[in-house]
Amino acid sequence: MKETSNIIQEILNLIRSDLSKSKLRKALDHYHESDIADAVAFLSKEERQKLYEILGDKATSDIFAHLDDVEDYIEELDDDKAADILQEMDADDAIDVLQELDLDDRKQIVSKMEDEAKQDIKLIASYEEDEIGSKMTTNYIVIPHHSTIKQAMRIVVKNANENDNVNTIYVVEDDDTFFGCIELKDLIIARAETDINTIIHTNYPYLKDKDKVSDVINGLKEYDLVMIPVLDQQNHLIGVITSSDIVEAVDAELGEDYAKLAGLSKEEDVDEPYFRSLKKRLPWLGLLLILGLCVSMVISQFEAIIAIIPMVVFFQSIVLDMAGNVGTQSLAVTIRYLNSDEVTPKKTSKMIFKEVRLGFTNGIVIGGISFLIVLAFLFVKHQPITGETFLIHDALFLSSSVLIAMIAALTLASFVGVFIPVIFKKWKIDPAVASGPLITTIDDMVAVVAYYGLAMAFFNILF
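Quick look at the structure:
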């Protein structure tokens, strides 16, 4: 396989060569649209204009679907040319491009499009971003249920030039109600006298236009189909989801989950405007500030023990950090489980019990190590803890506080890390919203109470 840089250079050499238009077009047919799109960025505006003219609107639209910062290239075209190219694209891809343009430019270009392209764009744009309808394309072939094999084949041949998605043909009733699908291979090998019903798959999987992407994402992966039909609420066929749409949806969903785990409301793009990024971050930071203040207020309630034993503060961060780390681990495992299609009450209970056991065991191991390290530190420092002289039982009490607090904090942190996203899922809230910073702050609260509470109990100091 050639390196991308070598392929791009080959394409640039071809475009800048003295080949005739027909020979150049034929030579470029051997390269993928994505590679040509990568080469476009290295061309001058005049070279790009020449390339668009040679390839034609349809081939150019395929390249535009792979361009980064496509709005920069659209702005080089007049409105008529931009409209001609965009209406050749799948409607969902055209919408993605249009959304990057200024409102006035967008309206001007859309006004130049043909009515059919306008209707497709209007249909897909009518859906919310998190609905399946916003991800579908209207690029597919459909035949009436009453068709014969010959009639069906004629429809496929007639429309194949205008449609890229021909591997599956969709069958509808006279009122456009979805009936089933025919694989192209089955249609090709069928005899003319064959009853078309014998090759129609009537139990074919489908999606509804209002389905939430996050709810059906795992089902999409499991189907392993090139295309999946999309129906409206009256079971009319209105579009299809292609394999590339599925990949994009999965990638977008993972990006959003990652953003939420980082304490953002949505995925953030590097080119996103400054104030939009600020708007995404501030709400979470405000919530975390409030929770952080709550942790500080809880610590202030243990002022008595801190005043008498200042050294108790030395080891606070050990317990808090470990609780936060364990809680985040449980959260990550839980979100992965909840995003699978194997969620059952029995498995959920089993997972919660397992995470709590892991937290308890980790608490014993990490707590035991911490006990030895803290005890060794106190003996080496040999500084009085509660009085004027160093007492062994004071060192043991403080080390034991760290040990038991670690066990309690890690056990509870594991429970919080798994329980909160499970509850969110039950309440129909995206479990990824139970983000890492939120879980960590709650775990801090638990760890502070456990640590200082135990220290007070050991040293018999009351509020």
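Numbering (this note's numbering), first residue to last: 4 to 466. Think of the CB as a built atom: it goes at the ideal place given N, C-alpha and C, for glycine as much as any other residue.
A direct Cα-Cα distance of roughly 39 Å separates leucine 126 from serine 8. Residues of the same chain with a CB within less than 7 Å of the CB of isoleucine 410, apart from the 5 flanking positions on each side, are Phe363, Gly366, Ile367, Gly370 in chain order. Runs of the beta strand (DSSP E) spanning 3 or more residues and lying entirely within the region 17-56 do not occur at all. A straight line joining the alpha-carbon of arginine 51 with that of valine 43 spans about 7 Å. By the neighbour-count criterion, in which 16 or more other beta carbons inside 10 Å mark a residue as buried, threonine 347 falls on the exposed side. About 7 Å separates the beta carbon of leucine 323 from that of valine 451, a gap short enough to meet the 8 Å contact definition. Partner residues in the beta bridge of tyrosine 173, as assigned by DSSP, are Val145, Cys184.
DSSP places threonine 414 in the helix class (H, G or I) of the three-state scheme.
With at least 16 other beta carbons inside 10 angstroms of its own, serine 64 counts as buried. One thing to note: valine 145 has its Cβ within 8 Å of the Cβ of valine 175. In this model, isoleucine 355 and threonine 443 are separated by some 18 Å (Cα to Cα). Take the alpha-carbon of leucine 70 and the one of aspartate 41: they are about 7 Å apart. With respect to the 8 Å criterion, isoleucine 231 and tyrosine 209 are classified as neighbours on the basis of their beta carbons. For valine 383, the uninterrupted alpha helix (DSSP H) segment begins and ends at 348-384.
Counting C-beta atoms within 10 angstroms of its own C-beta, proline 424 has 16 or more neighbours from the protein chains shown and is therefore classed as buried. Within the same chain, and ignoring the five residues on either side of lysine 121 in sequence, the residues whose Cβ sits closer than 7 Å to its Cβ are Val113. Glutamate 134 sits in a strand when the DSSP states are folded into three classes. The beta carbons of aspartate 99 and threonine 140 sit no closer together than 8 Å. Here isoleucine 158 has Ile146 as same chain residues with Cβ atoms under 6 Å from its own Cβ, once five neighbours each way along the sequence are excluded. Between the C-alpha atoms of glutamine 304 and glycine 456 there is a straight-line separation of about 10 Å. When secondary structure is reduced to three states using DSSP, proline 232 falls in the strand class. Contact between the region 164-171 and the region 186-196 is present: 3 or more CB-CB pairs across the two stretches fall below 8 Å. For threonine 201, there is no enclosing beta strand (DSSP E), since its DSSP letter is neither H nor E. With a cutoff of 8 Å on beta-carbon distance, aspartate 446 and glycine 330 are scored as near each other. When the five nearest sequence neighbours on each side are left out, the beta carbons in the same chain lying within less than 6 Å of the beta carbon of serine 402 are those of Phe374, Val377, Leu378, in order along the chain.
When only Cα atoms are considered, tyrosine 55 and threonine 245 end up about 26 Å apart. In the three-state scheme derived from DSSP, where H, G and I count as helix and E and B as strand, leucine 210 is classed as strand. Contact between isoleucine 124 and alanine 97 holds, since their C-beta atoms are separated by about 6 Å, short of 8 Å. With a contact defined as Cβ atoms closer than 8 Å, glycine 136 and aspartate 248 miss out at about 11 Å.
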